[in-house]
């Protein structure tokens, strides 16, 4: 039995854990986005991935544009605070990318069900919207106690969950704080996990609202300072808003995007 | 005018759910004018955020740093939105119909969209479960359509009794604030009626910017122009 997370380089972790055709989630709700890990997946030319993320933003635009994704499971796809994701938009409008679309509440519950080891989650949502007409992972269910009509969504079936955190200790215990989104569920709900961290320290100390993922639930820890740029890592660096704005032009033009990909 | 009017809606509200853009400007303006104690809830997890400037995104670091509490995202939706703990939710729209149903998903056919929009995000459950919803959207024939191409978030469905039939617990959209005025659902038909025009706007402009035959309230009113105080607070907020 594994007793602690292995600490390796990011290229090794991606090469060993991410396989073509896998269902992979890279999470971080505008904060602590695992951008470096996503770009490593692009460099290693992984293919036919089913990419999962509540808020596919710049790094998913890059993964989609680079041809890594067969399918996207998501709830909001945009460049936050800026506008559209042009590679994502072009792929969907051209019918080149299969999509499975939910609301945030639906996705959050699918992660929670995966982390809970349950086959599905139940929520009061989706009634009256057009989403169930187009997404077959949204089904009505009747409460056995009250008869209320609710909605069931299946647990996400994640091969690999990838997040970025502020730090880990040398045994691979991971600590993250600030707005931590669905990162805990992403690691607990996946068969294999990669956590990139700003730094590896001798000892973790207390931080308000911090989430600690103990070493025995994490597969790999990789020290990647700046691994969430251009998003932010609370107490390490701020969001680079100019990079988000600049991405709009790169992503809009196919030739510009090809140049970007070449340089990666 | 839209953000000033949005802020005014929050005078007696305890907690409001905020998105980025005009809703965020309105809610933050309310904290600086009519309601300093207003609890701002952002979907990335911040409850009771007190941002000193307008956040860049819904997960902006200062929201977490100034919050009373930071919840996980599953908790935000399951414990805070779903039980109806939040009185007002602010939503935007790419398309809106006469029953205030909202589309932020696709323009055109779903499988072969003319325009692929970002999608649902937190909006469907906000529309379903917040005490009431205030929609903030610029009025134009492209946005104010006879039928939305996709119902992302339910307003008043197909009219009277629709929300009850669907089991939606919140009141749904009670106001639509636009750059031209304010629309409110008729108490019986649930169809949006123009109840207010902003100063200097006339009925013909509002009709021309609406893709259906817009009904006008008998007692159509003019919104109060922004006060000096409101304008000063807004300028300070935008410059911060």
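Protein chains in written order, with our numbering: chain L, 1372 to 1635; chain D, 3 to 242.
Glycine included, every Cβ here is placed at the ideal spot set by N, Cα and C.
Just so we're clear, the structure is a prediction, and the values are computed from it rather than from any experiment.
For residue 92(D), which residues in chain L fall below 8 Å Cβ to Cβ? As a first step, residue 92(D) must be located in the second chain, where it is residue number 90. Scanning chain L for C-beta atoms nearer than 8 Å to the C-beta of residue 92(D) yields nothing, as the closest lies near 15 Å away.
Give the DSSP-derived three-state secondary structure of residue 1513(L) in the structure shown. Numbered from 1 along the first chain, position 142 holds the residue referred to as residue 1513(L). In the structure shown, residue 1513(L) sits in a strand (DSSP, three-state: E or B).
Note down, in chain order, every chain D residue with its Cβ under 8 Å from the Cβ of residue 1551(L). In the first chain, the residue the question calls residue 1551(L) occupies position 180. Within chain D, 47, 72 and 74 have C-beta atoms less than 8 Å from the C-beta of residue 1551(L), given in sequence order.
Minimum C-alpha distance to residue 1429(L) - residue among 1452(L), 1489(L) and 1472(L): Residue numbering aside, residue 1429(L) sits at position 58 when the first chain is read from its first letter. That would be 1452(L), whose Cα lies nearest to the Cα of residue 1429(L).
Under the three-state reduction of DSSP, which class applies to residue 28(D): helix, strand or coil? Residue 28(D) sits at position 26 when you count from the first residue of the second chain. It is helical.
Give me the Cα-Cα distance between residue 1480(L) and residue 13(D), rounded to the nearest whole angstrom. One-based indexing of the first chain puts residue 1480(L) at position 109. One-based indexing of the second chain puts residue 13(D) at position 11. Each residue's Cα considered, the two are about 33 Å apart.
Rounded straight-line distance, which links the Cα of residue 152(D) to that of residue 219(D): By 1-based counting over the second chain, the position of residue 219(D) is 217. By 1-based counting over the second chain, the position of residue 152(D) is 150. Spanning the two alpha carbons is a distance of roughly 28 Å.
Relative to the alpha-carbon of residue 223(D), which residue among 205(D), 240(D) and 210(D) has its alpha-carbon at the smallest distance? Residue mapping note: residue 223(D) aligns to position 221 of the second chain, counting from 1. Checked all of 205(D), 240(D) and 210(D); the closest Cα to residue 223(D) is 205(D).
Quick one: which residues of the stretch 1599-1623 of chain L get their C-beta closer than 7 Å to a C-beta of chain D? List them in chain order. 1603, 1605, 1609, 1610 and 1612
In this structure, what does DSSP give as the bridge partners for residue 1588(L)? Numbered from 1 along the first chain, position 217 holds the residue referred to as residue 1588(L). None, per the DSSP bridge assignment.
Going along the chain, which unbroken runs of the alpha helix (DSSP H) with 4 or more residues stay wholly within the stretch 165-238 of chain D? Qualifying alpha helix (DSSP H) stretches, in chain order: 205-210.
Does DSSP put residue 66(D) in a helix, in a strand, or in coil? The residue given as residue 66(D) occupies position 64 in the second chain. The answer is helix: DSSP assigns residue 66(D) an H, G or I state.
Does the beta carbon of residue 1500(L) sit closer than 8 Å to a beta carbon anywhere in chain D? Translated into positions along the first chain, residue 1500(L) becomes position 129. Taking Cβ atoms only, chain D reaches closer than 8 Å to residue 1500(L), which makes this a yes.
Between the alpha carbons of residue 95(D) and residue 1573(L), how many angstroms are there, rounded? The residue labelled residue 95(D) in the question sits at position 93 within the second chain. The residue labelled residue 1573(L) in the question sits at position 202 within the first chain. Whole-angstrom Cα-Cα distance: 49 Å.
Would you report the Cα separation of residue 1549(L) and residue 1398(L), rounded to the nearest angstrom? The residue labelled residue 1549(L) in the question sits at position 178 within the first chain. The residue labelled residue 1398(L) in the question sits at position 27 within the first chain. Cα to Cα, residue 1549(L) sits roughly 14 Å from residue 1398(L).
Is the CB of residue 1542(L) under 8 Å away from at least one CB in chain D? Here residue 1542(L) refers to the residue found at position 171 of the first chain. Interface annotation, residue 1542(L): not in contact with chain D, CB-CB separation never under 8 Å.
Would you list, in chain order, the members of the stretch 130-163 of chain D that have their beta-carbon closer than 9 Å to a beta-carbon of chain L? Per Cβ criterion, the list reads 130, 131, 150, 151, 152, 153, 154, 155, 156 and 159.
Are the C-beta atoms of residue 1401(L) and some chain D residue less than 8 Å apart? Mapped onto the first chain, residue 1401(L) falls at position 30. Residue 1401(L) counts as touching chain D.
Residue 1484(L) CB to nearest heavy atom of the ligand NAP below 7 Å: For the structure depicted, the ligand NAP is absent and the ligand set is empty, with no information on it obtainable.
Taking the alpha-carbon of residue 1450(L) as reference, which of 1632(L), 1612(L) and 1631(L) has the nearest alpha-carbon? For the purposes of this step, residue 1450(L) is taken as residue 79 along the first chain, with counting starting at 1. Looking at 1632(L), 1612(L) and 1631(L), the one whose alpha-carbon comes closest to that of residue 1450(L) is 1612(L).
Anticipated Cβ contact below 8 Å, residue 182(D) with residue 158(D), distance rounded: For the purposes of this step, residue 182(D) is identified with residue 180 of the second chain, where counting begins at 1. For the purposes of this step, residue 158(D) is identified with residue 156 of the second chain, where counting begins at 1. Residue 182(D) to residue 158(D), Cβ: 21 Å. No contact.
Beta-carbon proximity of residue 1597(L) to residue 126(D), cut-off 8 Å: On the first chain, position 226 is the one that residue 1597(L) refers to. On the second chain, position 124 is the one that residue 126(D) refers to. No, the Cβ-Cβ distance between residue 1597(L) and residue 126(D) is not below 8 Å.
Return the CA-CA distance between residue 116(D) and residue 107(D), expressed in angstroms with no decimal places. The sequence position of residue 116(D) within the second chain is 114, counting from 1. The sequence position of residue 107(D) within the second chain is 105, counting from 1. Approximately 11 Å between the Cα atoms of the pair.
Can you list, in chain order, the residues of its chain whose CB lies under 6 Å from that of residue 11(D), leaving out five sequence neighbours each side? Counting from one through the second chain, the residue named residue 11(D) turns up at place 9. Excluding sequence neighbours, residue 11(D) sits near 136.
With a cut-off of 8 Å, do at least 3 Cβ pairs link the stretch 1461-1472 of chain L to the stretch 1499-1506 of chain L? yes
Would you mind listing the beta strand (DSSP E) stretches within the stretch 8-58 of chain D that are 3+ residues and don't spill past its ends, in chain order? 17-20 and 41-44
To the nearest angstrom, how far is the alpha carbon of residue 1557(L) from that of residue 1482(L)? The residue you call residue 1557(L) lines up with position 186 of the first chain. The residue you call residue 1482(L) lines up with position 111 of the first chain. Distance between the alpha carbons of residue 1557(L) and residue 1482(L) is about 6 Å.
Provide the residue span of the alpha helix (DSSP H) that contains residue 130(D), from first to last. Against the second chain, residue 130(D) aligns to sequence position 128. Unbroken alpha helix (DSSP H) run through residue 130(D): 125-131.
Chain D contacts made by the stretch 1505-1539 of chain L, where a contact means CB separation under 8 Å: 1505, 1519 and 1520
Note down the Cα distance separating residue 227(D) from residue 1628(L), rounded to an integer number of angstroms. Taking the second chain and counting its residues from 1, the one referred to as residue 227(D) is at position 225. Taking the first chain and counting its residues from 1, the one referred to as residue 1628(L) is at position 257. So the two alpha carbons sit approximately 47 Å from each other.
Please check if any C-beta of chain D sits within less than 8 Å of the C-beta of residue 1442(L). Sequence index remark: in the first chain, residue 1442(L) carries index 71 (1-based). Closer than 8 Å: no.
Simplified DSSP assignment, three categories, for residue 155(D): Translated into positions along the second chain, residue 155(D) becomes position 153. Looking at residue 155(D) - three-state DSSP - the assignment turns out to be strand.
Given this structure, state the Cα-to-Cα distance separating residue 6(D) from residue 93(D), to the nearest angstrom. Here the question's residue 6(D) lines up with position 4 in the second chain. Here the question's residue 93(D) lines up with position 91 in the second chain. One C-alpha to the other measures close to 16 Å.
Can you tell me whether residue 120(D) is buried or exposed, with buried defined as 16 or more other CB within 10 angstroms of its CB? On the second chain, residue 120(D) is found 118 positions in, with the first residue counted as 1. Classification for residue 120(D): buried.
In the DSSP assignment, the alpha helix (DSSP H) including residue 1559(L) goes from what residue to what residue? For the purposes of this step, residue 1559(L) is identified with residue 188 of the first chain, where counting begins at 1. Where residue 1559(L) is concerned, the enclosing alpha helix (DSSP H) stretches over 1554-1559.
Using a 10 Å radius around the Cβ and a threshold of 16 neighbouring Cβ atoms, would you call residue 1484(L) buried or exposed? Mapped onto the first chain, residue 1484(L) falls at position 113. Burial call: buried.
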